[in-house]
Structure formats: C-alpha cells, structure tokens
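Position 309 of the sequence shown, counted from 1, bears residue number 309 in UniProt numbering, the numbering being contiguous throughout. Glycine included, every Cβ here is placed at the ideal spot set by N, Cα and C. Report on one structure; see the data block that follows.
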Amino acid sequence: MGSVATEQRAIKRNRIYTREDVEAHTSPKDCWVVHNNKIYDVLTDVWISRLSPFVSGFLEDHPGGDDLVLQYAGKDITDVMADPAEHSHSDSAYQVLHEYQVGRLVEADLITNPDFEYKDGWEPTSTDNRSDWEKNQFLDLDRPLIMQVWYADFSKSFYLQQVHQPRHLPRPARLFGPWYLEIFTMCSWYVVPIIWVPITLYILRQSILQQTAAGLAMGVALKRTGVCFAVGNVIWTLLEYIMHRFVFHIEEFLPDHSAFLTLHFLLHGIHHYIPMDRMRLVMPPTLFTILQAPFTKLAHTIFPNWMANGIIAGSFTFYVLYDLLHYAMHHSKLPKYIKQQKTWHMEHHYKEPNLGFGDWVFDTEFVSKKRAPAPTVNKKLVPVDKDGKLKN
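Structure, rendered in structure tokens:
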C-alpha cells in the first residue's frame, strides 16, 4: 500500500501547472505555494509508513503558525525561505516540504504579443523543435501530437496557455503517426471545391426538381429555391460564428481532463498551435461529412425536402467559400476590400486568441489586454491574523 501511494505521489509531482493554477489555491482550506518552481499543497495529508500512516497537513503544524504560511498562499516562497534575516530553514524542513509536492511550475514562452500588428509581407519565424520542447515542455513537434496530449500530465490552464502560442514547421505536423491515419487529418485547399461543389449542385438541383415534380412552374421553383439558398447562406454564417466563438473557444467550461483537452485539440487547438500548416487550414472531407450529418438531418426533419435541400445547398456553398477564404487569409495576398478581415484573423492568432473570431459585425474593435508584470515576492514575513490584519 505504501509503495502504491508513493508511486501515485511521484506521478502527481510531475504534473505541470501555471501561476494561474497556483493563485487559485489561497484559502485556509486550500493552500498552495511555490518553491524553486515546485508546487506544494501544504494542507495535504501525507502517507509515511504502515507504522505511522499519516502526517496531518503541514499548515496546521508549521512551527511559525499557519498565518505566516497563509500570507504567501498562492505565491512563490523561494526567496522568503532562503532569507536568513527571517528564518534559516534546516535541510529536514525542506525534506518535510518535499512530501507535500503536487506538481511543478513551468514558466513557458508566450509567443502571442498584445502589440502585434499584421502587415503585408509578414512571415512567422520557424520553431526550433528541440529548444521549444526543452523550454516549454508542452508537445514535442518531432513526434505525433495526439497521444502526447492524451497522455500529457499538465493542467487545463497550461494546455490553453500553450496551445494558443503558435508554432511553425516547414512540413505538415503529424497527429497520429501511421500514414493511413494521417491522410484523414490533412487536406489540400483544392480538394474542398472538387468534392463539395458537385454535391452542392446536385442538392440544389434536387430542390428545384422536387418542386417541378409537384406541379410548380420552373420560374416559381427557381425563386423559392433562391430564397432558401439565401437563408442557407445566413444560417452557415451564424452557425460558423457561434461554433467558433462559443464551442471551439469554450475554454471556461472545458473540463480539466485529458479526453476533453484532446477533443479540443483535434477540433480547433491544432489550428491555433500550428496556424500556418497548409494541410490543416481547410476541413478534411471525412470530418465535414461527420459534422454536417446532424444538421442536414435536422433540416429535413423541420422543413419539406425541397426547402431543406435549398437551405443545405446555400450552407454548403458558403462553407466552401469560407474554407477557401480561410486558406487565403493564411497564405495569399487579398484585395483591399477584405484585407481588414485578414488583419483581424492574423491578430486572432498572434495577438489575442479570444478576440477577432472572424466576424465584422460583433468584433469591429480588436483590443487586447496588456500583460501584467511578473509577480514579485515580499521577502519580509509580517505576522497577520486569520482576517489578514497585522498582529501587534
């Protein structure tokens, strides 16, 4: 039993957190501190041995009182513990602290820049894979990515921080490894119109024929299908915006579990992580086939077949145009009348990923917050009571 507990704690000690994670644990019942980039839960009961099963949480047994520790809850105590003017801690004190380690703090690089301004001719810098892995400890770009996310031991906060820091490779990234899986994750831009334009035209034709077969004149059928087609254009525009903003960027409600992080990575995270990957800028046919199925079924459930087909054809048309425009935003020079749209999109990737969702109605102002300066640590230990007031 002791060996199992030790093994479990060893695994937990390798989990990567951010300062944001640590700063969320600041109460007398939930207190984390950082020392030499190692994170400690000073309230955790620790398994020691069969003869002395548990040692109670460090906070209540701290010789200087729990108020001294709580003063630095959620903060870095490295300099404080090393300050001889306050108190010199013995080697045994550090050994005791080690038992409470729950993870480690990684100060990873932040590539997005709140001052970024896109200009014509701008090109991103290629990522040095080895140094990126050694410094940030997020994903190794030389290996397939999906299983790294699945088995990775980092917090949601760390994942979201790093997946929105764009990297750049001279080749398509590998997601699964074997070629027979990779082919379902990649797609050249021209494949989208080759596959979906004929399908869209067939569906549009069906909408017209279904009306003429019911006895309507061709002119009337064309007008009614045209209206449905326009409705489909609007539906696709709203649907894409809603999914992008409120599903793909649903970070606040994303569960902190590897399965959900992997799903997020597959659906949208990969695009923010490697935004200039030419083979992953348009949706692979297999994925779009799966995603469109419930919506087309719903359309045929709600509307008559001729009307549903007209709406679906309009939606598919705007999907094809959207995918081609999305590719062009990353790798083509665009005319002036849509140049601002490209600027917003590049700033969505390189300035602030939670703004600029590709809509010119709701996101006309692209304002990102300046980064806060690195937190500083007050080396002076000031005794306070449990209400945060200075003791006499």
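Look at the Cβ atom of residue i, then the Cβ atom of residue j, and state whether they are nearer than 8 Å.
i: K333; j: D120; result: yes
i: G74; j: H35; result: no
i: H272; j: V163; result: yes
i: W236; j: F318; result: yes
i: Q161; j: A108; result: yes
i: Q206; j: A221; result: no
i: Q165; j: L110; result: yes
i: A328; j: L204; result: no
i: R104; j: K38; result: yes
i: R167; j: D115; result: no
i: C228; j: M307; result: yes
i: H349; j: L355; result: no
i: T225; j: G310; result: yes
i: residue 398; j: F248; result: The requested residue 398 is not part of the displayed model; the chain covers only 1 to 392.
i: F295; j: I199; result: no
i: T343; j: Y118; result: yes
i: H326; j: P275; result: no
i: E353; j: T112; result: The amino acid at residue 353 is misidentified as Glu; the sequence shows Pro. Against a cut-off of 8 Å, the Cβ pair of T112 and P353 comes out as a contact.
Just tell me which of the options has its CA closest to the CA of residue i.
i: H257; options: T112, V163, V149 and I235; result: V149
i: A95; options: R280, V247, Y40 and L209; result: The sequence given here places Gln at residue 95; Ala does not occur at that position. When only C-alpha atoms are compared, the closest one is Y40.
i: V231; options: T127, T18 and F303; result: F303
i: L169; options: E23, I183, G219 and M279; result: M279
i: D277; options: D91, D79, M147 and A173; result: A173
i: L281; options: V33, Y190 and I77; result: Y190
i: A213; options: H349, N305 and Y118; result: N305
i: V192; options: K29, T286, T112 and C31; result: T286
i: L43; options: S315, V102 and I250; result: V102
i: Q137; options: A217, T18, E251 and M243; result: T18
i: I194; options: V80, V320 and W122; result: V320
i: H98; options: S188, F246, N14 and C187; result: N14
i: S188; options: M283, L298 and I290; result: M283
i: I250; options: L181, A259, H264 and E240; result: H264
Which of helix, strand or coil does DSSP assign to residue i?
i: G226; result: helix
i: F303; result: coil
i: T125; result: coil
i: S27; result: strand
i: D132; result: helix
i: R19; result: helix
i: D142; result: coil
i: P114; result: coil
i: V34; result: strand
i: G103; result: strand
i: D41; result: strand
i: F362; result: A caution first: F362 carries a pLDDT of 49, below 50, which makes its placement in the model unreliable, though a value can still be read off. DSSP places F362 in coil when its eight states are reduced to three.
i: D91; result: helix
i: D83; result: coil
So residue i packs on residue j, CB below 8 Å; how close in whole Å?
i: T127; j: L145; result: That pair is no contact at about 13 Å.
i: S155; j: D21; result: 5 Å
i: I270; j: F158; result: Actually they do not touch by this definition, with Cβ atoms about 17 Å apart.
i: V80; j: C31; result: With 8 Å as the limit, V80 and C31 do not qualify as a contact, their Cβ atoms being about 15 Å apart.
Hey, which unbroken runs of the alpha helix (DSSP H) at 4 residues or more fall wholly within the segment 157–214? 179–182 and 191–212
Ignoring anything shorter than 4 residues or poking outside the segment 251–323, list the alpha helix (DSSP H) runs there in chain order. 258–264, 270–273 and 285–302
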